[in-house]
Each structure stands twice: as C-alpha cells, then as structure tokens.
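In my numbering, the protein residues as written are 3 to 538.
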C-alpha cells in the first residue's frame with residue numbers, strides 16, 4: 003500500500019497535467035502486477051469492493067473515538083477518509099509488515115457484508131496513516147486527485163508508446179487488474195483482441211469559442227447546429243448486440259430500453275439523448291434526470307418520459323469506419339441511416355445558417371427553444387478525432403441568465419472553508435401586492451473570490467438574526483440585507499421548492515453592495531424564463 007499511498011499524495015500535490023502524467027507513467031512502469039492494475043481500476047472508477055460500504059467507516063471510528071470529538075475533527079478536516087486515517091489508533095509498525103494493494107483489494111473483494119467492516123478494521127490496524135488514507139479512499143471510491151480516466155489512459159499510452167485511441171478501443175473488453183493490457187504495453191505479448199460486441203468508441207469533444215477566435219475563422223467553412231441540454235451519448239449496434247453509452251463510456255443500455263429496442267441498424271451513432279418527441283417537443287434536463295441512473299424503468303416512466311436521440315454524427319456504418327471521412331460526408335451518410343429508423347426515437351440535428359458572426363451571435367442568445375444551451379461549430383472538412391483537438395470543433399454557449407437576489411441563509415463549509423460561512427441560500431421577492439416577501443430560489447457555494455468570501459462571511463457574522471444548527475439566518479428586508487448577483491445556466495419548475503423553480507448551475511457572479519434589497523428581482527422575472535410545459 004505504501005507505493006499506492008505515495009502516488010495519491012504526490013498526485014494531490016501536483017497541479018500540472020504534465021506532472022501528473024509523468025507520475026502515473028513512472029508508477030505504471032515500475033510497479034508490478036496486480037498492484038498497478040488495481041491502481042488503474044481505482045483511478046478509472048472500475049474497482050468494486052461490495053463487502054464494505056462507506057457508511058461502515060463511520061461506525062468503525064466511532065468504536066474507537068468519542069463521537070463529539072470525531073464530529074469536530076471531521077468538520078475541521080472536511081474529508082471522511084482523511085479524518086479517520088489520522089484519528090485511527092496507531093499500532094506498533096514494527097510488529098508486522100503492511101499489506102500490499104493487491105492483498106487489500108483481494109481481501110475486501112472476497113469479504114461478505116457481515117465480515118467486511120471488521121476485516122477493514124484489521125487492515126487499518128496494519129497500516130500507517132498514509133496507507134490508511136489510501137485504503138479508505140479505495141472503499142469510498144472518491145480519490146479526488148485531479149486525474150480523469152482519460153488522463154490515466156494517456157499515461158498508459160506514453161508508457162507503451164501506442165496511440166491512446168488503441169487503448170480506448172479495447173478498454174471495455176478489459177477487466178481489473180488488466181494483466182493482458184500491461185503485458186501488451188510492456189512488449190510481452192501482442193495487443194489484446196477486442197471480443198466485446200458493439201464497443202464504445204472514444205468521443206470527439208469541442209473547445210470553447212473565445213472572442214479572439216472569431217477573427218481567425220471563416221464561418222463559411224463551418225457547420226453550425228444547436229447545442230441541446232441533454233446528455234451526449236453513443237449508440238452502437240453490431241450483429242444483433244445493441245449498447246448505449248454515456249460520453250465517458252458508461253453502459254446505460256438498461257436505463258433506456260426504448261432506445262435499444264428501436265436501434266435496428268448496424269453501426270455507431272453519436273448524438274444527444276433528450277426527453278420528448280422530435281422534432282419540436284423537447285423536455286428539460288430535469289425531465290431527463292427522471293430517467294437517469296435507474297436500474298429498472300417502469301412502463302409508466304417510459305410513457306411519461308419518452309426519450310429520443312438527436313443524431314450528430316456517424317462513426318461506423320455497418321462494418322466501415324467513417325471517422326476518417328469529412329464531417330459533410332458523415333452527415334450525408336448519417337441521414338441515410340436514421341431515415342430508416344423510427345422517427346419518434348431518432349432525428350437529425352438541425353443546422354443553423356451561417357452568414358456572419360454577428361447574426362450567429364444573435365441566434366446563440368435567442369434560440370428557438372429554452373432547452374438549447376447555445377451553438378456547436380464544426381469544420382465541414384473535420385475528421386472524427388478522439389479527445390479535444392484544438393481547431394475543428396467549438397462550443398459557443400449562450401450567455402448565462404443573471405438575477406439579483408438577497409442572501410437569506412449561510413452555512414459553514416468543510417475543510418479549508420470550515421472557518422468561513424461559504425454556502426449560501428438566496429431569494430427574490432414574491433407576491434402581487436405590498437408587503438412583498440422573500441422566497442428562496444437557489445443555493446450556491448462558488449463563483450466568488452477569496453476576498454469576496456471574507457466580505458460575505460463578515461456580513462453573515464454581523465447580521466445573524468437566528469440559528470438553525472449549523473445554518474445562520476441573516477438580516478434580510480427591504481432596507482437591510484446583502485444583494486448577490488447570481489448567474490445560472492437555466493431554470494426549471496420544481497415541486498420540492500417553495501418558489502416552484504430550481505436553478506441549474508447557480509453561482510455568485512458578484513456582490514451588489516451598490517443595491518438595496520428592495521431593488522432585487524421579483525419571482526416573476528424567473529417564471530418568465532421557464533420552459534413551456536407543452537414542449538414535452
């Protein structure tokens with residue numbers, strides 16, 4: 003465990019991407035099997051330890067520590083694994099040698115639910131604090147080391163001197179501890195054969211369009227299409243096997259059987275999964291969330307929230323790889339493929355006429371439907387390249403909505419923010435006649451600078467009028483209070499909130515010391531932004 007713990011520690015303290023890549027490449031090259039394979043599985047989110055659940059960790063430490071002292075410690079540290087690893091009673095390190103990563107994983111994977119917690123406790127007894135932290139991170143599954151699955155694969159590609167696309171093409175046919183993969187990358191054997199039917203293909207991503215980019219680009223060389231507020235998916239069908247993948251390669255076929263049943267074609271399609279019925283009845287992202295992450299989908303759910311794919315691109319047609327063809331050619335062939343599929347499950351993404359940047363900018367901020375996030379710009383001659391290459395594709399999101407709201411409640415943060423009131427609930431005015439009242443419309447905990455955080459924290463402490471456990475209610479009235487400018491990407495109806503609305507991705511964009519609370523916005527300003535109920 004010592005090498006794995008050291009890797010986690012160094013990755014956490016290394017901010018630069020190239021530095022993380024070098025650390026991973028060296029670790030994978032110098033660490034033996036199966037430890038490096040289990041490390042790869044942990045980083046990519048493919049390590050399962052069913053015998054121990056994260057909730058058991060709290061029970062273990064409370065058997066060895068005063069509950070109130072643990073609560074104070076956890077609040078200050080802000081991370082469960084780190085708190086427990088530091089507070090766990092030390093044992094004589096010379097008595098026994100700590101287990102390897104492979105031994106820890108093997109023991110925990112074979113443990114039952116009844117025996118798992120006690121076994122984890124014995125493992126922690128054999129480890130030093132850094133090793134305990136690493137073991138607990140394995141159990142909780144949240145490493146938080148700033149390394150994505152793709153970055154780990156990039157390190158493997160550098161280690162083996164192969165294109166990352168070759169690794170991603172066979173990834174779904176591999177399983178921890180990836181002995182065949184490392185044998186290939188170290189030159190011991192040939193490339194593992196991908197026997198996985200209807201595999202996931204690495205997706206191509208876009209870069210944000212910056213102001214300086216427009217002067218360098220000719221709009222006539224690009225195709226523009228709407229950027230929809232759904233989830234990017236890839237539908238693969240081969241020899242009767244059909245699979246639906248998320249952008250990151252997660253198999254979500256069981257959640258959307260209606261799409262799988264309708265996928266009567268041979269090939270791979272790239273598109274956006276949306277709720278509704280094409281072409282015009284498109285639901286919100288909150289509608290789509292009703293279907294996401296469900297292991298079983300009821301017939302009522304299928305009826306109430308029908309889904310379809312708005313198709314963007316064609317990667318494979320039959321057994322032919324189309325990715326090296328120009329986008330204009332892929333789109334033509336994509337039309338031929340989906341024209342034979344059910345129209346209520348598949349349609350072709352609508353293009354937007356490009357005459358000049360100014361007109362396109364107007365279209366971006368005034369889309370025909372509120373569930374459109376902006377525009378995608380793609381070179382007509384671009385090939386389909388995995389990753390995020392600079393130049394071929396751009397995303398041009400519409401400007402965020404902005405509202406002036408009044409701070410209502412504040413709560414202390416965790417970890418580095420445990421000494422500050424950094425999580426805020428804000429509201430707007432509601433009612434049709436005087437006196438108006440403030441109704442909560444959202445929460446935010448980012449978007450402000452460190453200096454602004456100190457200013458808000460000072461205001462909260464000096465204007466607290468009531469306490470509800472860790473939450474403080476602050477002074478908020480027509481003439482007394484703090485106005486926050488809140489930016490958000492969208493807004494939907496909500497039955498769980500008193501205001502009837504829920505913001506998407508709200509953040510504090512600035513402090514409005516220049517405004518009095520009575521000048522804050524009214525709930526009607528937000529209601530006017532709601533999508534039409536009839537879109538779905």
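Where a beta carbon is used, it is the ideal one built from N, C-alpha and C, also for glycine.
These numbers were taken from a predicted model, which means no experiment stands behind them.
Check	Outcome
According to DSSP, residues forming a beta bridge with residue 248	235
contact_flag[the region 255-267, the region 292-301] where n(CB pairs < 8 angstroms) is 3 or more	yes
Beta-carbon proximity list for residue 522, same chain, < 7 angstroms, skipping 5 on both sides	406, 407, 408, 430, 431, 485
Cβ pair residue 57, residue 72 closer than 8 angstroms	no
Residue 380 beta carbon less than 8 angstroms from that of residue 224	yes
Chain-order list of residues whose beta-carbon lies under 8 angstroms from that of residue 12 (same chain, five-residue window excluded)	25
Residues near residue 454 by beta carbon distance below 7 angstroms, same chain, minus five either side	513
Residue span of the beta strand (DSSP E) that contains residue 506, given as start and end	503-506
Any 3 or more C-beta pairs closer than 8 angstroms across the region 175-194 and the region 359-373	no
Own chain, CB closer than 8 angstroms to residue 43, minus 5 neighbours either side, in chain order	49, 178, 179, 180
Alpha-carbon spacing of residue 383 relative to residue 272, whole angstroms	17 angstroms
Rounded Cβ spacing between residue 446 and residue 493 (contact assumed at less than 8 angstroms)	Between residue 493 and residue 446 the Cβ distance is about 14 angstroms, and since that is not below 8 angstroms, they are no contact.
Cβ separation of residue 156 and residue 166, assumed to be a contact under 8 angstroms, to the nearest whole Å	5 angstroms
Supposed close pair residue 277, residue 234 - CB separation, criterion 8 angstroms	With 8 angstroms as the limit, residue 277 and residue 234 do not qualify as a contact, their Cβ atoms being about 15 angstroms apart.
Proximity below 8 angstroms, CB of residue 226 to CB of residue 353	yes
Outcome for residue 365 when other beta-carbon atoms lying within 10 angstroms are tallied against a minimum of 16	buried
Inter-stretch contact at 8 angstroms, needing at least 3 Cβ pairs: the region 126-139 / the region 167-176	no
Best match in 471, 496, 39 for proximity to residue 176 [C-alpha to C-alpha]	39
Helix, strand or coil at residue 254 [DSSP, three-state]	coil
Residues sharing a beta bridge with residue 411, DSSP	427, 475
CB contact flag (residue 253, residue 245, <8 angstroms)	yes
Residues of its chain near residue 517, where Cβ-Cβ distance is below 7 angstroms and the 5 sequence neighbours each way are ignored	406, 485
Collapsed DSSP secondary structure at residue 16 in the structure displayed	coil
Cβ pair residue 164, residue 54 closer than 8 angstroms	no
Contact check, residue 480 vs residue 442, beta carbons under 8 angstroms	no
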